[in-house]
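Heads up: the structure comes next, in structure tokens.
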Amino acid sequence: MTPADAGPARDLLNFYAEAGVDVALDEAPANRFADASLEVVAPASTPPAARLRADPAPAMPAAAPAAPPPPEEAIMAARAAAKSAASLEALREIMNAFEGCALRTTAKQLVFGDGSPDARLMFVGEAPGSEEDQTGIPFVGKSGQLLDKMLAAIGIARSEVYIANIVPWRPPGNRDPAIHETQICLPFIQRQIELVDPELLVCLGKPSMVTLLGVTDGIKRARGRWFSYKTDARDIRAMPVFHPAYLLRNPIEKRFAWRDFLAIKKALGK
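Spelled out as structure tokens, the structure:
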């Protein structure tokens with residue numbers, strides 16, 4: 000140490016001493032709490048037999064969560080599991096127990112579906128948001144409230160329809176689901192549609208349209224047009240429409256959504 004360094008070093012030592020630091024530690028860190036020779040100091044009035052030695056129990060390593068299987072295996076497992084569901088309630092239980100999608104580990108809970116299981120009209124969105132993750136019910140946030148108003152405008156109550164999402168677990172931070180996450184969850188929504196067996200299927204937004212109908216046109220070109228959604232039993236008339244979240248950001252597009260909902264009302268014979 001040079002003379003120029005002695006002053007600052009002395010000041011630093013004095014600072015430590017005034018702060019109560021009076022023990023020099025080794026260069027390598029040591030866990031002093033794991034030292035069995037240390038004793039817990041008891042008050043003088045405490046009998047010697049009551050003085051306990053600091054022998055902490057060894058810490059048990061935390062079990063690491065099981066890693067999900069590769070996407071290809073998860074998709075095959077989802078297909079087999081979804082096919083075995085004979086009812087919506089059975090499908091819900093299967094999805095609750097399914098561990099092939101990593102989103103279930105970050106979401107609060109499964110967001111399965113809502114509405115009448117015998118509905119003539121079914122809506123399918125992409126994935127739940129934060130409000131849905133909290134309640135376990137799809138479309139209960141601002142988008143859902145707008146959807147309820149749009150239904151009421153054509154004389155349909157929310158309780159008369161069935162609403163679900165392709166991905167039933169909220170992605171972290173409300174990000175878009177990854178392609179493999181959508182494909183893993185796809186067999187479940189396909190089976191959900193089969194079990195509800197609606198007369199009309201409405202895809203809310205482009206992701207739902209692309210995934211369920213295979214339509215690659217932009218939503219502005221495809222919305223309001225009738226397509227066919229094929230199940231093992233029959234074909235279901237399907238229409239893509241603007242997602243309510245898009246309408247909240249672009250209110251001017253509500254005029255087109257109104258036309259689409261009038262077409263849905265007409266198709267239902269209302």
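According to numbering that gives the first Met the number 0, the sequence shown is numbered sequentially starting from 0.
Yeah, the Cβ is synthetic: ideal placement off N, Cα and C, and Gly gets one too.
Determine, using beta carbons only, whether residue i and residue j come nearer to each other than 7 Å.
{"i": "Val201", "j": "Val240", "result": "yes"}
{"i": "Gln191", "j": "Ala232", "result": "no"}
{"i": "Ala237", "j": "Phe226", "result": "yes"}
{"i": "Ser142", "j": "Pro243", "result": "yes"}
{"i": "Arg91", "j": "Asp132", "result": "no"}
{"i": "His179", "j": "Pro68", "result": "no"}
{"i": "Phe138", "j": "Leu146", "result": "yes"}
{"i": "Lys253", "j": "Leu261", "result": "no"}
{"i": "Ile153", "j": "Lys264", "result": "yes"}
{"i": "Gly223", "j": "Asp259", "result": "yes"}
{"i": "Ile273", "j": "Ile188", "result": "Examination of residue 273 is not possible in this model, given that the chain is present from 0 through 269 alone."}
{"i": "Ala81", "j": "Pro186", "result": "yes"}
Return the first residue and the last residue of the beta strand (DSSP E) that residue i is part of.
{"i": "Ala237", "result": "Asp234 to Val240"}
{"i": "Val123", "result": "Leu120 to Gly124"}
State the DSSP-derived secondary structure class of residue i, mapped to helix, strand or coil.
{"i": "Pro250", "result": "helix"}
{"i": "Ala156", "result": "coil"}
{"i": "Ala53", "result": "Below a pLDDT of 50, predicted positions are generally treated as unreliable, and Ala53, at 45, falls in that range; no measurement from the model is reported."}
{"i": "Lys265", "result": "helix"}
{"i": "Phe226", "result": "strand"}
{"i": "Ala162", "result": "The sequence shown places Ile at residue 162, not Ala. Ile162: strand per DSSP, three-state reduction."}
{"i": "Asp175", "result": "coil"}
{"i": "Gly114", "result": "strand"}
{"i": "Leu200", "result": "strand"}
{"i": "Ala89", "result": "helix"}
{"i": "Phe281", "result": "Outside the displayed range of the chain (0 to 269) lies residue 281, so it cannot be described from this structure."}
{"i": "Val39", "result": "Note that Val39 scores 46 on pLDDT, short of 50, meaning its location in the model is unreliable and no value can be drawn from it."}
{"i": "Glu131", "result": "helix"}
{"i": "Pro167", "result": "coil"}
{"i": "Thr104", "result": "helix"}
{"i": "Thr45", "result": "Unreliable placement is indicated for Thr45, whose pLDDT of 49 sits below 50; no coordinate value is reported for it."}
{"i": "Gly99", "result": "coil"}
{"i": "Pro67", "result": "coil"}
{"i": "Leu109", "result": "coil"}
{"i": "Asp231", "result": "coil"}
Can you name the start and end residues of the alpha helix (DSSP H) that residue i belongs to?
{"i": "Phe187", "result": "Ile178 to Val195"}
{"i": "Val209", "result": "Lys205 to Leu212"}
{"i": "Arg220", "result": "Ile218 to Ala221"}
{"i": "Pro70", "result": "Pro70 to Lys82"}
Between the Cα of residue i and those of the options, spot the shortest distance and give me the residue it belongs to.
{"i": "Ala221", "options": "Glu198, Leu146, Asn249 and Leu203", "result": "Leu203"}
{"i": "Lys219", "options": "Tyr228, Pro206 and Thr181", "result": "Pro206"}
{"i": "Pro197", "options": "Gly135, Asp117, Ser83 and Arg9", "result": "Asp117"}
{"i": "Asp234", "options": "Leu267, Glu193, Pro250 and Thr215", "result": "Glu193"}
{"i": "Asn173", "options": "Leu185, Gly140 and Ile155", "result": "Gly140"}
{"i": "Pro171", "options": "Asp113, Thr181, Lys229 and Thr104", "result": "Thr104"}
{"i": "Arg157", "options": "Thr134, Thr181, Gly112 and Pro167", "result": "Gly112"}
{"i": "Lys269", "options": "Ile251, Glu159, Arg9 and Ser83", "result": "Glu159"}
{"i": "Ala77", "options": "Val214, Lys229 and Thr181", "result": "Thr181"}
Contact the segment 209-222 vs the segment 95-107: 3+ CB pairs below 8 Å: Output reads no: the segment 95-107 does not touch the segment 209-222.
On the three-pair Cβ rule with 8 Å, is the segment 113-131 touching the segment 163-182? Contact holds: three or more Cβ-Cβ distances are below 8 Å.
Cβ contact (3+ pairs, closer than 8 Å) linking the segment 107-120 and the segment 82-95: With the cut-off at 8 Å, the segment 107-120 and the segment 82-95 touch.
Cβ pair count under 8 Å reaching 3, the segment 124-138 against the segment 80-87: Per the Cβ contact rule, the segment 124-138 is not in contact with the segment 80-87 (fewer than 3 Cβ pairs under 8 Å).
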